[in-house]
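Novice: I have a structure here, written as structure tokens, and I will follow up with some questions on it.
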Amino acid sequence: MARAQFDAETSTGGAFVRQPNRFTDRVTPHSTSPPGGGPDDEGRWPLEAGRYRLIWCRACPWAHRARIVRSLLGLDDVISLGTVDPIRDERGWRFTLDPDGFDPVLGVGFLSEAYLATDPDYTGRVTVPALVDTVTGRVVTNDYPQLTLDFSTEWRRFHAPDAPDLYPVELRPEMDALMAEIHRDVNNGVYRAGFATSQEAYDEAYEALFARLDVLSERLAGRRYLMGEEITEADVRLFTTLVRFDVAYHGHFKCNRQKLTEMPVLWAYARDLFQTPGFGETVDFDHIKRHYYATHREINPTGVVPLGPDTSGWTTPHGRG
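Everything in the sequence shown is counted per full-length UniProt numbering, starting at 1 for the first residue and increasing by one.
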């Protein structure tokens, strides 16, 4: 069997099995801790503007979700933002984009330092996004699915007056089921295809991915967004995979039945979101390509980063709405 990109996250059958999220505390107004205090007995940190720092990478789809939701809800001045380099080595995510190579708020050169300050015995893969407490330097959470939902619910008192409701109460049962399908087959599905080390594992992931994209295309043929006429969290989650599809997943991860630009409904839908404030300006195609092609050496040993594809089409009229 071929060598795996991540040995600890590859099954004996060659399938990629993503590691669980290690830090799952939450910031909430329901915390019983005083302002400036740590988590209460239930792992709830006090809700405070300016205290927490979102660490993200422009290349990472999971982190990109948090960046978009933070912007859409008007939390930019409430939760500060730290950005890691798209090139990750054996030491993990680095703050080499900052002067002197250190995050100016946390004072660390590697995100792993915050992980180890929280759990000195941590040996798993260091991931983004991570919400870090600037008072203690500890990681509050790297639980990316819950993090963005909490931005919509627990941080509501800090939302902009015109902030959208990305997680409407009445739609949650349907949304939760839809987002679970999108996660399994699309968001994580591209990784299951790309990191597979057996033909069988790859075939299964590939078939599930494109079957789900076909279903989503049918759904979006009759509505502007996944849940109707308003953008929700479900759209954010699908967008961050679609925007990386042609520049990374189609070639690098062998998700090559079609390019996004060859799927008319999904391509128009993705452009519609890209051209919506809060989405397109957070996309960095250079960082995306350099991260995938230059850090996955088991998949791309040469580290050569492709010059294409042409991304100018993202700003062309989408004809939706």
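Virtual Cβ for every residue (Gly too), placed ideally from N, Cα, C.
For Trp93, name the three-state secondary structure that DSSP assigns.
Specialist: The count along the sequence shown starts at 1 and reaches residue 93 at position 93. Reduced to three states, the DSSP call for Trp93 is coil.
Novice: What is the DSSP secondary structure of Ile68, reduced to helix, strand or coil?
Specialist: Looking up residue 68 in the sequence shown gives position 68. If DSSP states are grouped into helix, strand and coil, Ile68 belongs with the helices.
Novice: Thr261 to Gln199, Cα distance in whole Å?
Specialist: Indexing the sequence shown from 1 puts residue 261 at position 261. Indexing the sequence shown from 1 puts residue 199 at position 199. Taking the straight line from one Cα to the other gives about 26 Å.
Novice: Within 10 Å of its beta-carbon, does Thr302 have 16 or more other beta-carbons around it, so buried, or fewer, so exposed?
Specialist: Your numbering for residue 302 matches position 302 in the sequence shown. Result: exposed.
Novice: Going by Cα to Cα distance, which pick from Ala211, Tyr249, Trp267 is closest to Tyr225?
Specialist: Within the sequence shown, numbered from 1, the residue matching residue 225 stands at position 225. Checked all of Ala211, Tyr249, Trp267; the closest Cα to Tyr225 is Trp267.
Novice: Am I right that Pro34 and Leu47 are in contact with their C-beta atoms under 8 Å? What's the rounded C-beta distance?
Specialist: On the sequence shown, position 34 is the one that residue 34 refers to. On the sequence shown, position 47 is the one that residue 47 refers to. Going by Cβ atoms, the distance from Pro34 to Leu47 rounds to 12 Å, so no, they are not a contact pair.
Novice: Please name the residue, chosen from Gly228, Arg244, Thr24, that lies closest to Gly43 on a Cα-to-Cα basis.
Specialist: Along the sequence shown, read from residue 1 onward, the residue named residue 43 stands at position 43. Cα-wise, what sits closest to Gly43 is Thr24.
Novice: Could you spell out where the alpha helix (DSSP H) holding Ala177 opens and where it closes?
Specialist: Counting from one through the sequence shown, the residue named residue 177 turns up at place 177. Run containing Ala177: 172 to 182, per the alpha helix (DSSP H) assignment.
Novice: Kindly indicate the opening and closing residues of the beta strand (DSSP E) around Thr28.
Specialist: Here residue 28 refers to the residue found at position 28 of the sequence shown. Note, Thr28: beta strand (DSSP E), 26 to 28.
Novice: Tell me where the beta strand (DSSP E) around Thr241 begins and ends.
Specialist: Residue mapping note: residue 241 aligns to position 241 of the sequence shown, counting from 1. Counting along the chain, Thr241 falls outside any beta strand (DSSP E), though it belongs to the alpha helix (DSSP H) covering 233 to 244.
Novice: How is the alpha helix (DSSP H) around Ile288 delimited, first residue to last?
Specialist: The count along the sequence shown starts at 1 and reaches residue 288 at position 288. Its alpha helix (DSSP H) spans residues 285 to 295.
Novice: Determine the contact status of Thr127 and Tyr144, defining contact as a CB-CB distance below 9 Å.
Specialist: On the sequence shown, residue 127 is found 127 positions in, with the first residue counted as 1. On the sequence shown, residue 144 is found 144 positions in, with the first residue counted as 1. Yes.
Novice: Give the range of the alpha helix (DSSP H) segment to which Tyr202 is assigned.
Specialist: Looking up residue 202 in the sequence shown gives position 202. Its alpha helix (DSSP H) spans residues 199 to 220.
Novice: If I'm right that Val84 touches Ile55 with Cβ under 8 Å, what's the distance once you round it to whole angstroms?
Specialist: Within the sequence shown, residue 84 is the residue found at index 84, counting from 1. Within the sequence shown, residue 55 is the residue found at index 55, counting from 1. Contact flag correct, Cβ pair sits at about 6 Å.
Novice: In this structure, does DSSP put Ser31 in helix, strand or coil?
Specialist: Position 31 of the sequence shown, counting from 1, holds the residue named residue 31. The answer is coil: DSSP assigns Ser31 none of H, G, I, E or B.
Novice: Among residues of its own chain, excluding the 5 on either side of His183, which ones have a beta-carbon nearer than 8 Å to its beta-carbon?
Specialist: Within the sequence shown, numbered from 1, the residue matching residue 183 stands at position 183. Excluding sequence neighbours, His183 sits near Pro145, Arg237.
Novice: Between the segment 65 to 80 and the segment 275 to 285, are three or more C-beta pairs nearer than 8 Å?
Specialist: Segments in contact, yes.
Novice: Considering only DSSP beta bridges, list what Gly228 is partnered with.
Specialist: Within the sequence shown, the letter at position 228 stands for residue 228. Looking at the DSSP assignment, Gly228 forms a beta bridge with Tyr225.
Novice: With a threshold of 16 other CB atoms inside 10 Å of the CB of Val186, please say whether the residue is buried or exposed.
Specialist: Locating residue 186 in the sequence shown gives position 186, where the first residue counts as 1. Burial call: buried.
Novice: Measure the alpha-carbon distance for Arg244 versus Leu131 and round it to whole angstroms.
Specialist: Residue mapping note: residue 244 aligns to position 244 of the sequence shown, counting from 1. Residue mapping note: residue 131 aligns to position 131 of the sequence shown, counting from 1. Cα to Cα, Arg244 sits roughly 23 Å from Leu131.
Novice: Taking the C-alpha atoms as reference points, what is the distance between Arg192 and Asp150?
Specialist: Here residue 192 refers to the residue found at position 192 when the sequence shown is read from its first residue. Here residue 150 refers to the residue found at position 150 when the sequence shown is read from its first residue. Looking at the two C-alpha atoms, the distance is approximately 27 Å.
Novice: Taking one C-beta from the segment 284 to 299 and one from the segment 87 to 106 each time, how about it: are there three or more such pairs within less than 8 Å?
Specialist: A contact exists between the segment 284 to 299 and the segment 87 to 106.
Novice: Taking the alpha carbon of Arg172 as the point to measure from, which residue in Gly189, Thr232, Pro164 has its own alpha carbon closest?
Specialist: Position 172 of the sequence shown, counted from the start, is the residue given in the question as residue 172. Answer by Cα proximity: Thr232.
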